[in-house]
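In our numbering, the protein residues as written are -3 to 361. Read through the structure below, which is laid out as structure tokens, and then see the notes.
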Amino acid sequence: MIKTKFKEITILINRLNSGGAEKVCVILCNELIKRGYIVNLWVVQLDDTILSNKIDSNVRIFNFEKESVRSSILPLSYHLMKKNPQKLLVFNTELCLLAIILKFIFFKKTKIIFRSINTLSSALDTKTFYRKNIVYPIIKKFLKATDFVIAQSEGMKEDLINNFAIPSTNIKTIHNPAIVLEKRDIALKTQNIDNELVFVGRLVNQKGLPLLFEALTIVVQKIDKVHLTIVGEGPELQNLKNLAEELKLTKVITFTGFKADINKYIIQAKATLLTSYFEGFPNVLVESISLGTPVISFDCPSGPRDIIEPNVNGILVPFMDIQLFASAIVDVLKGEILFDKKNIIKTSIKFNLEVFVNKFDEILN
-3 MIKTKFKEIT ILINRLNSGG AEKVCVILCN ELIKRGYIVN LWVVQLDDTI
47 LSNKIDSNVR IFNFEKESVR SSILPLSYHL MKKNPQKLLV FNTELCLLAI
97 ILKFIFFKKT KIIFRSINTL SSALDTKTFY RKNIVYPIIK KFLKATDFVI
147 AQSEGMKEDL INNFAIPSTN IKTIHNPAIV LEKRDIALKT QNIDNELVFV
197 GRLVNQKGLP LLFEALTIVV QKIDKVHLTI VGEGPELQNL KNLAEELKLT
247 KVITFTGFKA DINKYIIQAK ATLLTSYFEG FPNVLVESIS LGTPVISFDC
297 PSGPRDIIEP NVNGILVPFM DIQLFASAIV DVLKGEILFD KKNIIKTSIK
347 FNLEVFVNKF DEILN
């Protein structure tokens, strides 16, 4: 492993809850510590979570103890003035915008590196009036002042170039890492449960779960004893339970709530499903193929296309085509499309953790 001496990086994030970006943030902090970095982690609100408890003890954590980005203006100003970081890696769009504005106000030379966590134009377009009509135009105007941008997928990169005027020379695509590699041997020895399907993620509108339920109503007419496990929590939980009852799917779907260990659910499934309206880079698809479980996903903007190798590790379904999505599920469950676990796992090698950290190391230097 490459050792980097006397390097320092400050990372800024909103919270450390159970999301993919937060998981990547913790992993990156810990891996950079291993490479000899001094890592400062600034968190708007540091709650006691599973992820926060996994941070290396050598990471210097500064908790702003604020409830929102807007209320963190004063502590962020104070830290920028007092700590004067040379490089600031930001994991939140609004925090990045705030950091850019404060940098100019205080005439700081801090290099701001923005790690985009979603297809930004889609994410902002689906939010509240405040975000769509106030935050979006401001971000569109100021985001190009960022010194460097990291996109998680090629689709995200194109979105940043076309909709936010970020120069292509200032953007690098770094895919999220496969972070369940230690489970591969277990996955190879575990048999899938017949007709078992899984969804893992936040229960929010973005994930398009009503579309998945609609596809499932088609599947159950063709295959007996289909079962979908939904692992996750979120504001749409009750609405989804009501919809499952309306569609007579209550005996077909199990809601588990949040689970710290999602691996066992993925390993047991015949396929991991994703029907999102948009993504940044869906970590769950990488985690799934790392465990040898194929994925079936809409070709949404963006991310799935960077991960799925058709009929090798999964099926990429034309965006929003519910009929074809249902047909893909049926083909997999009936064995009309067969996948080899070892070949699926091989496709995850390009998402190697060391490659991921090497790319960040290069940018930070």
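Heads up, the beta-carbon is just placed ideally off N, CA and C, and yes, glycines get one too. Bear in mind the structure is a predicted one, so any value in this text is a computation, not a measurement.
Three-state class that DSSP yields for residue i in the structure shown
i: residue 294; result: strand
i: residue 32; result: coil
i: residue 16; result: helix
i: residue 61; result: coil
i: residue 330; result: helix
i: residue 51; result: coil
i: residue 162; result: coil
i: residue 108; result: strand
i: residue 11; result: coil
i: residue 42; result: coil
i: residue 140; result: helix
i: residue 313; result: strand
i: residue 4; result: strand
i: residue 89; result: helix
i: residue 256; result: coil
i: residue 429; result: Here the chain covers residues -3 to 361 and nothing more, so residue 429 does not appear.
i: residue 270; result: strand
i: residue 287; result: coil
i: residue 125; result: helix
i: residue 251; result: strand
i: residue 117; result: helix
i: residue 187; result: coil
i: residue 155; result: helix
i: residue 344; result: coil
i: residue 335; result: coil
i: residue 361; result: coil
Cα-Cα separation, residue i to residue j
i: residue 107; j: residue 203; result: 34 Å
i: residue 100; j: residue 72; result: 13 Å
i: residue 211; j: residue 322; result: 5 Å
i: residue 302; j: residue 279; result: 11 Å
i: residue 69; j: residue 233; result: 33 Å
i: residue 253; j: residue 293; result: 22 Å
i: residue 216; j: residue 329; result: 11 Å
i: residue 305; j: residue 201; result: 27 Å
i: residue 308; j: residue 346; result: 15 Å
i: residue 152; j: residue 8; result: 21 Å
i: residue 229; j: residue 249; result: 14 Å
i: residue 52; j: residue 23; result: 9 Å
i: residue 3; j: residue 83; result: 10 Å
i: residue 326; j: residue 231; result: 30 Å
i: residue 289; j: residue 102; result: 50 Å
i: residue 194; j: residue 262; result: 7 Å
i: residue 348; j: residue 146; result: 17 Å
Chain-order list of residues whose beta-carbon lies under 8 Å from that of residue i (same chain, five-residue window excluded)
i: residue 15; result: 198
i: residue 295; result: 301, 312, 313, 314, 315
i: residue 236; result: 199, 205, 206, 209, 226, 251
i: residue 191; result: 219, 220, 221, 222, 223, 266, 329
Paired residues, beta bridge with residue i - DSSP
i: residue 95; result: Residue 95 pairs with nothing; no bridge assigned.
i: residue 169; result: 147
i: residue 83; result: 107
i: residue 71; result: Paired residues: none, contrary to the question.
i: residue 262; result: DSSP lists no partner for residue 262.
i: residue 174; result: According to DSSP, residue 174 bridges with nothing at all.
i: residue 100; result: Partner(s): none; residue 100 has no beta bridge.
i: residue 300; result: Beta-bridge pairing links residue 300 to no other residue.
i: residue 306; result: 310
i: residue 37; result: 7, 57
Contacts around residue i, its chain only, beta-carbon distance under 6 Å, and the 5 residues preceding and following it disregarded
i: residue 20; result: 172
i: residue 139; result: 160
i: residue 354; result: none
i: residue 352; result: 173
i: residue 298; result: 115, 149, 151, 152
Cβ neighbours of residue i in the same chain (closer than 7 Å, five flanking residues each side left out)
i: residue 136; result: 160
i: residue 17; result: 87, 113
i: residue 256; result: 46
i: residue 188; result: 264, 265, 266
i: residue 320; result: 313, 314
i: residue 343; result: 285, 305, 308, 309
i: residue 243; result: 209, 213
i: residue 29; result: 35, 52, 54, 55
Entirely enclosed beta strand (DSSP E) segments - the region 191 to 249, minimum 3 residues: 192 to 196, 223 to 227
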